[in-house]
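In this note's numbering, the protein residues as written are 19 to 94.
For every residue, glycine included, the Cβ atom is placed at its ideal position computed from N, Cα and C.
These notes concern the structure reproduced below.
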(Lines of atoms letter the chains of each structure in order from A; the text may use other names.)
(Lines give C-alpha, C1' and ligand atoms only; values in the text may rest on other atoms or scores of the structure.)
Protein backbone atom coordinates (compact mmCIF):
# COMPACT_ATOMS: atom_id res chain seq x y z
CA UNK A 19 0.00 0.00 0.00
CA UNK A 20 1.20 3.48 -0.84
CA UNK A 21 0.35 6.84 0.60
CA UNK A 22 0.85 9.73 -1.80
CA UNK A 23 1.56 13.22 -0.54
CA UNK A 24 1.76 15.97 -3.11
CA UNK A 25 5.07 17.13 -1.72
CA UNK A 26 8.59 16.32 -2.85
CA UNK A 27 10.99 14.55 -0.56
CA UNK A 28 13.61 17.20 -1.30
CA UNK A 29 12.91 20.83 -2.24
CA UNK A 30 13.62 21.79 -5.86
CA UNK A 31 14.63 25.35 -6.61
CA UNK A 32 15.16 26.41 -10.20
CA UNK A 33 16.68 29.86 -10.52
CA UNK A 34 17.05 30.20 -14.29
CA UNK A 35 16.46 28.34 -17.53
CA UNK A 36 19.44 26.07 -18.30
CA UNK A 37 18.85 24.23 -21.60
CA UNK A 38 21.99 22.02 -21.52
CA UNK A 39 21.14 20.83 -18.01
CA UNK A 40 17.52 20.22 -19.04
CA UNK A 41 18.74 17.99 -21.88
CA UNK A 42 20.84 15.96 -19.44
CA UNK A 43 17.91 15.65 -17.05
CA UNK A 44 15.57 14.55 -19.84
CA UNK A 45 18.00 11.76 -20.70
CA UNK A 46 17.83 10.63 -17.07
CA UNK A 47 14.06 10.92 -17.21
CA UNK A 48 13.27 8.80 -20.25
CA UNK A 49 16.52 7.59 -21.78
CA UNK A 50 17.64 3.98 -22.09
CA UNK A 51 19.37 4.11 -18.70
CA UNK A 52 16.98 6.62 -17.14
CA UNK A 53 14.71 6.38 -14.13
CA UNK A 54 11.64 5.23 -16.07
CA UNK A 55 13.52 2.37 -17.70
CA UNK A 56 15.01 1.36 -14.35
CA UNK A 57 11.62 1.37 -12.62
CA UNK A 58 10.06 -0.75 -15.34
CA UNK A 59 12.98 -3.21 -15.29
CA UNK A 60 12.64 -3.74 -11.54
CA UNK A 61 8.87 -4.09 -11.66
CA UNK A 62 8.97 -6.53 -14.60
CA UNK A 63 11.68 -8.70 -13.02
CA UNK A 64 9.35 -9.39 -10.07
CA UNK A 65 7.62 -12.07 -12.12
CA UNK A 66 10.75 -14.12 -12.84
CA UNK A 67 12.33 -14.51 -9.40
CA UNK A 68 11.66 -16.40 -6.15
CA UNK A 69 8.91 -15.12 -3.86
CA UNK A 70 11.33 -13.92 -1.17
CA UNK A 71 12.73 -11.19 -3.42
CA UNK A 72 9.51 -9.93 -5.04
CA UNK A 73 8.84 -7.37 -2.30
CA UNK A 74 12.36 -5.98 -2.54
CA UNK A 75 12.13 -5.42 -6.30
CA UNK A 76 8.70 -3.87 -5.85
CA UNK A 77 10.12 -1.41 -3.29
CA UNK A 78 13.10 -0.52 -5.49
CA UNK A 79 10.88 -0.06 -8.55
CA UNK A 80 8.53 2.29 -6.75
CA UNK A 81 11.49 4.26 -5.38
CA UNK A 82 12.70 4.73 -8.96
CA UNK A 83 9.31 6.31 -9.72
CA UNK A 84 9.97 8.79 -6.90
CA UNK A 85 13.26 9.70 -8.61
CA UNK A 86 11.31 10.13 -11.85
CA UNK A 87 8.98 12.58 -10.13
CA UNK A 88 11.90 14.66 -8.84
CA UNK A 89 13.47 14.89 -12.29
CA UNK A 90 10.13 15.81 -13.88
CA UNK A 91 9.68 18.60 -11.34
CA UNK A 92 13.12 20.00 -12.14
CA UNK A 93 12.51 19.95 -15.89
CA UNK A 94 8.92 21.13 -16.00
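Integer-rounded CB distance, given that residue j should sit under 8 Å from residue i
i	j	result
residue 67	residue 75	7 Å
residue 82	residue 57	4 Å
residue 93	residue 50	Actually they are not in contact, since the Cβ atoms of residue 93 and residue 50 sit about 18 Å apart, beyond 8 Å.
residue 47	residue 89	5 Å
residue 42	residue 91	With a Cβ gap of about 15 Å, residue 42 and residue 91 do not count as contacting.
Residue i, enclosing alpha helix (DSSP H) - first and last residue
i	result
residue 69	69–93
residue 41	37–48
residue 63	53–63
Residue burial classification, residue i (beta-carbon count within 10 angstroms, cutoff 16)
i	result
residue 45	exposed
residue 86	buried
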